[in-house]
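Residue numbers (this note's numbering): 19 to 240.
The following block contains the structure:
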């Protein structure tokens with residue numbers, strides 16, 4: 019059964035919407051993954067460095083410069099520099115100040131250990147999320163490509179169906195035109211036959227009339 023133009027239009031719109039939705043979701047996953055992978059904050063770099071070295075925090079803290087269990091800003095910068103060589107002084111100072119909640123100017127090693135644990139955990143979670151997003155990206159792009167292929171299939175099917183409908187309409191119009199022409203010719207033939215019959219009847223009447231006249235002129239009955 020052939021579809022109407024409105025049905026084909028709705029089908030095409032649904033296919034396009036599916037392509038758009040899958041593509042947007044795939045692009046969003048890629049953007050989020052890029053955001054995670056490009057995170058160059060010192061917090062992120064410290065977390066990654068801790069994971070990369072595979073050290074226990076308690077062992078790491080033991081190697082840090084400290085004075086009576088307290089770390090001042092200069093010592094903190096030196097310690098961070100040893101862990102993350104490309105860390106700038108401004109970055110380290112900003113990180114120190116973010117950890118120095120009471121503004122006392124020093125951090126005890128226990129506070130630092132807790133802070134580094136949070137950074138390490140954040141890095142672990144970021145890695146997990148990056149892995150999830152990579153898998154999701156592959157799956158979403160696969161779905162987007164499938165939707166694009168389906169969209170092309172729908173468009174092609176609709177084009178073929180439209181062609182069939184146009185051909186069927188043209189054939190119907192041709193048949194209607196042929197039927198009308200046949201009806202016209204039949205009508206003309208009928209009219210011509212009626213005319214000939216009338217002419218024949220007239221001719222027969224005139225022949226009889228002529229014969230009667232001739233008989234009357236000869237004094238005999240026909």
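Note that beta-carbon positions come from the ideal geometry of N, C-alpha and C, so glycine has one too.
Note that this is a predicted model, so its numbers are computed, not measured.
Quick one, are the C-beta atoms of residue i and residue j less than 9 Å apart?
{"i": "residue 99", "j": "residue 110", "result": "yes"}
{"i": "residue 33", "j": "residue 174", "result": "no"}
{"i": "residue 118", "j": "residue 127", "result": "no"}
{"i": "residue 79", "j": "residue 134", "result": "yes"}
{"i": "residue 177", "j": "residue 37", "result": "no"}
{"i": "residue 180", "j": "residue 26", "result": "yes"}
{"i": "residue 68", "j": "residue 144", "result": "no"}
{"i": "residue 65", "j": "residue 140", "result": "yes"}
{"i": "residue 148", "j": "residue 51", "result": "yes"}
{"i": "residue 154", "j": "residue 47", "result": "yes"}
Out of the options, which has the shortest C-alpha to C-alpha gap to residue i?
{"i": "residue 30", "options": "203, 235, 168, 88", "result": "168"}
{"i": "residue 6", "options": "83, 108, 104, 107", "result": "Any answer about residue 6 is impossible in this case: the structure gives the chain only from 19 up to 240."}
{"i": "residue 132", "options": "207, 148, 74", "result": "74"}
{"i": "residue 93", "options": "114, 104, 228, 146", "result": "114"}
{"i": "residue 90", "options": "130, 101, 219, 102", "result": "130"}
{"i": "residue 72", "options": "227, 142, 196", "result": "142"}
Give me the DSSP bridge partner(s) of residue i.
{"i": "residue 89", "result": "125"}
Mind the definition here: the region 152-159 touches the region 31-51 only if three or more C-beta pairs lie below 8 Å; say whether that holds. yes
Taking contact to mean 3 or more Cβ pairs, one atom from each stretch, closer than 8 Å, check whether the region 136-151 and the region 49-64 are in contact. yes
Inside the region 39-80 only - alpha helix (DSSP H) runs reaching at least 4 residues: 60-71, 75-80
Ranges of the beta strand (DSSP E) found wholly within the region 160-220, counting only runs of at least 3: none
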